[in-house]
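In what follows, a structure is listed as structure tokens, so that the remarks can point back to it.
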Amino acid sequence: MADYYVGSGTDTSPFDTWAKAATWLGNIAHPLTAADTVYIASNHEDAHDYSANELISAVGGVSTPVVVISVTDATTNYAKATANQINTYQDAGSNYILFSENWAFYGVQMSSKGIIYFDGNTDTSQYFEDCTLKVGSGSSITFLDSGKYNFKDCAFDFTNDSGASANKAFSLGYGNIVIEGGSIANGSNRTGNIFADFTTGGTARISGLDCTSLTNATTPELFGYSTGVRSQILFENCKMAATHVLYDYNTVIKTGSVTMVNCSAGDNPTQFLYASKEGHLRDSTVTRTGGPEVQGIAFSWGGETATTGIVTTAACSASSPLVTPWINTNIATAGTYDVAVYIQNTNSDFNELQVWLEVQYQDDATSQFYTLASDREPTITGTPSSQTDDTGSTWSTSYTYHQKLEIQGLTVGTKGIMRGRVLIGLASIAGTRHFYISPKLVVTDG
Amino acid sequence: MADTFYLNGELLEDPADGDEYFIDGEVFESSSAGGAIIAIINSNLRMRRE
Numbered sequence: 001m002a003d004y005y006v007g008s009g010t011d012t013s014p015f016d017t018w019a020k021a022a023t024w025l026g027n028i029a030h031p032l033t034a035a036d037t038v039y040i041a042s043n044h045e046d047a048h049d050y051s052a053n054e055l056i057s058a059v060g061g062v063s064t065p066v067v068v069i070s071v072t073d074a075t076t077n078y079a080k081a082t083a084n085q086i087n088t089y090q091d092a093g094s095n096y097i098l099f100s101e102n103w104a105f106y107g108v109q110m111s112s113k114g115i116i117y118f119d120g121n122t123d124t125s126q127y128f129e130d131c132t133l134k135v136g137s138g139s140s141i142t143f144l145d146s147g148k149y150n151f152k153d154c155a156f157d158f159t160n161d162s163g164a165s166a167n168k169a170f171s172l173g174y175g176n177i178v179i180e181g182g183s184i185a186n187g188s189n190r191t192g193n194i195f196a197d198f199t200t201g202g203t204a205r206i207s208g209l210d211c212t213s214l215t216n217a218t219t220p221e222l223f224g225y226s227t228g229v230r231s232q233i234l235f236e237n238c239k240m241a242a243t244h245v246l247y248d249y250n251t252v253i254k255t256g257s258v259t260m261v262n263c264s265a266g267d268n269p270t271q272f273l274y275a276s277k278e279g280h281l282r283d284s285t286v287t288r289t290g291g292p293e294v295q296g297i298a299f300s301w302g303g304e305t306a307t308t309g310i311v312t313t314a315a316c317s318a319s320s321p322l323v324t325p326w327i328n329t330n331i332a333t334a335g336t337y338d339v340a341v342y343i344q345n346t347n348s349d350f351n352e353l354q355v356w357l358e359v360q361y362q363d364d365a366t367s368q369f370y371t372l373a374s375d376r377e378p379t380i381t382g383t384p385s386s387q388t389d390d391t392g393s394t395w396s397t398s399y400t401y402h403q404k405l406e407i408q409g410l411t412v413g414t415k416g417i418m419r420g421r422v423l424i425g426l427a428s429i430a431g432t433r434h435f436y437i438s439p440k441l442v443v444t445d446g
Numbered sequence: 447m448a449d450t451f452y453l454n455g456e457l458l459e460d461p462a463d464g465d466e467y468f469i470d471g472e473v474f475e476s477s478s479a480g481g482a483i484i485a486i487i488n489s490n491l492r493m494r495r496e
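Taken in order, these protein sequences are the chains called A and B.
Under our numbering, the first residue of the first sequence is numbered 1, with each subsequent residue one higher.
Under our numbering, the first residue of the second sequence is numbered 447, with each subsequent residue one higher.
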């Protein structure tokens with residue numbers, strides 16, 4: 001555990017004073033070990049001409065990464081960078097920047113001639129806070145291997161683009177990735193899918209990212225990937241430009257899923273999208289009277305547009321259903337309850353192997369065990385009945401077949417959360433069938 | 447009518463009784479103060495609720 005310095009020093013080993021400070025981080029990176037700290041001057045421009053794609057790697061335990069902190073020159077006082085402290089952009093060659101092993105960066109600014117790679121492994125962690133990452137022209141922020149990657153309040157800057165580029169901006173193929181806060185800067189240089197390559201089964205959560213610089217909304221702007229999504233991806237509370245496209249409905253999803261919540265230009269709290277290989281649904285303004293509201297705005301789950309319904313693919317079946325997100329509600333007192341969710345469509349009634357409700361509830365006052373109940377036809381080879389007709393609902397736009405998915409007589413043993421979800425096991429439902437779900441658990445005394 | 451909001455893609459109806467709950471590992475605390483604001487603890491969400 002030692003302290004090192006990067007700035008305008010004499011570039012003299014062991015770089016343990018400001019006078020001997022290294023002039024580029026890579027010069028000291030290889031000797032670094034767990035829990036070492038590197039102080040890098042906030043105004044230090046890295047002028048090293050990288051002769052090759054020199055790795056920036058460190059050896060550190062997962063709990064004790066090498067820590068790199070941008071500071072006021074010749075002090076150890078935190079100061080966000082005002083210069084490119086890691087810089088291959090000024091190189092003669094097209095050198096990328098690559099981080100391997102365990103790191104934590106605070107306030108550091110980097111500029112790459114090419115890709116910026118994050119190349120961890122199974123047990124590594126890399127953390128970036130208040131950093132600026134300028135990727136090379138037409139290049140991407142790329143995750144090469146498994147590992148844990150966290151970015152808090154970082155700017156992903158595409159200022160190095162030489163012109164408009166349709167290349168992906170983020171290639172999140174591996175790892176468990178969290179981006180919280182921060183922004184995409186100069187995103188108008190990108191004209192294609194911003195996030196892509198979720199190919200290997202990791203997770204990504206992008207939360208509170210300011211995407212308002214993505215102003216080229218002529219193509220799928222935030223997410224689209226045609227080769228096969230295998231990761232679990234969540235975008236939430238991201239601020240978008242006034243004109244934007246969130247999702248390419250031609251995206252091919254394999255074993256993963258895409259969820260988007262409250263990503264819009266303004267206050268649009270009902271905004272929602274969920275997609276898996278079995279189909280997709282999103283928020284709709286075709287609503288049921290008495291259905292859920294967010295901030296007084298009624299909504300339901302429908303399809304791609306305000307006038308189309310939920311869509312399923314040919315891969316959807318009773319054995320591989322499209323499963324909606326959970327709908328949570330509160331049970332204030334123990335008792336026996338009936339629980340229902342209301343739906344409608346324009347073609348015909350759904351039966352109990354085509355669309356059904358599942359409810360998870362606490363049936364025991366002394367245990368934390370939750371019981372899962374269902375109104376699916378209990379035998380997979382049985383003859384399913386039609387779901388219950390609903391004659392009492394009013395929808396803002398009404399289609400012919402109104403039904404109620406209901407489970408009766410649930411004995412709830414203690415107050416707490418009850419949650420339910422709808423499972424859709426019918427292939428190739430088209431948006432023109434106008435299948436809508438009012439995503440509210442209607443709980444009545446049983 | 448009780449208000450509803452999304453967290454991590456799940457819909458939660460505001461219980462509005464001051465209880466706390468874990469949902470998918472996150473802690474929820476409901477407000478008992480009429481405005482039906484949900485405080486989300488240990489989260490960096492930029493909630494747009496006023």
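Glycine included, C-beta positions come from ideal geometry on N, C-alpha and C.
Being a predicted model, the structure only gives us computed values, none of them experimental.
query	result
Opposing strand residues paired with L98(A) [DSSP bridges]	Y117(A)
Start-to-end residues for the beta strand (DSSP E) that takes in A373(A)	370-374
Cutoff 9 Å: L214(A) Cβ touching any chain B Cβ	no
At least 3 beta-carbon pairs within less than 8 Å: the stretch 298-317 of chain A vs the stretch 263-283 of chain A	yes
Buried versus exposed, by CB contacts within 10 Å (16 or more), I456(A)	With chain A running from 1 to 446 in the structure shown, residue 456(A) is simply not present.
Buried or exposed by the 16-neighbour rule on C-beta atoms within 10 Å, applied to L372(A)	exposed
CB contact flag (T227(A), D197(A), <9 Å)	yes
For I28(A), three-class secondary structure by DSSP	helix
contact_flag[the stretch 120-138 of chain A, the stretch 86-101 of chain A] where n(CB pairs < 8 Å) is 3 or more	yes
Below-9 Å beta-carbon distance, N490(B) vs any chain A residue	Model confidence at N490(B) stands at a pLDDT of 34, short of 50, so the residue's coordinates are unreliable; what they give is reported in the following sentence. Yes, contact with chain A.
Below-9 Å beta-carbon distance, N351(A) vs any chain B residue	no
Below-9 Å beta-carbon distance, E236(A) vs any chain B residue	yes
Close-in-space but distant-in-sequence residues of the same chain around S140(A) (CB under 7 Å, 5 per side omitted)	I115, N167, K168, A169, F170, S171
Proximal residues of chain B, C-beta to C-beta of V294(A) below 8 Å	D449, T450, F451, Y452
Other residues of its chain near A22(A): CB distance less than 6 Å, five sequence neighbours each side excluded	V6, D11, F15, I28
Rounded C-alpha distance that separates E459(B) from T397(A)	24 Å
Residues within the stretch 109-129 of chain A neighbouring chain B, beta-carbon criterion of under 9 Å	none
Own chain partners of R288(A) with C-beta closer than 6 Å, once the 5 adjacent residues on each side are dropped	Y342, S393, W395, S438
Three-way DSSP call (helix, strand, coil) for G187(A) in this model	helix
Chain B contacts from the stretch 241-263 of chain A (Cβ-Cβ distance under 8 Å)	T259, V261, N262
Check whether I185(A) and S213(A) have beta carbons under 9 Å apart	A small fix is needed here, since residue 185(A) is Ala in this sequence, not Ile. In this structure, S213(A) lies closer than 9 Å to A185(A) by Cβ.
Distance between Q90(A) and T159(A) (C-alpha atoms, nearest Å)	14 Å
Contacts that F272(A) makes with chain B (C-beta to C-beta distance below 9 Å)	Y452, G455, L457
Candidates I331(A), R205(A), N347(A), Y149(A): closest to V359(A) by CA position	I331(A)
Touch test, the stretch 258-278 of chain A against the stretch 359-368 of chain A, Cβ-Cβ under 8 Å, three pairs minimum	no
Nearest residue (CA-CA) to V38(A), options Y50(A), G9(A), V68(A), G61(A)	V68(A)
Contacts of T329(A) in chain B (Cβ-Cβ under 7 Å)	E459
Alpha carbon of V443(A) to alpha carbon of T308(A), nearest angstrom	28 Å
Under the three-state DSSP convention, the category R421(A) falls into	strand
Chain-ordered residues of the stretch 310-329 of chain A with a beta carbon less than 8 Å from chain B	P325, W326, I327, N328, T329
Interface residues of chain B facing P220(A) [CB-CB closer than 7 Å]	What P220(A) touches in chain B: nothing, since even the nearest Cβ is about 20 Å away.
Buried versus exposed, by CB contacts within 10 Å (16 or more), G382(A)	exposed
Proximity test, Cβ basis, 9 Å: P378(A) and chain B	no
In DSSP terms, what K152(A) is bridged to	E129(A), E180(A)
Beta-carbon proximity of A318(A) to R376(A), cut-off 9 Å	yes
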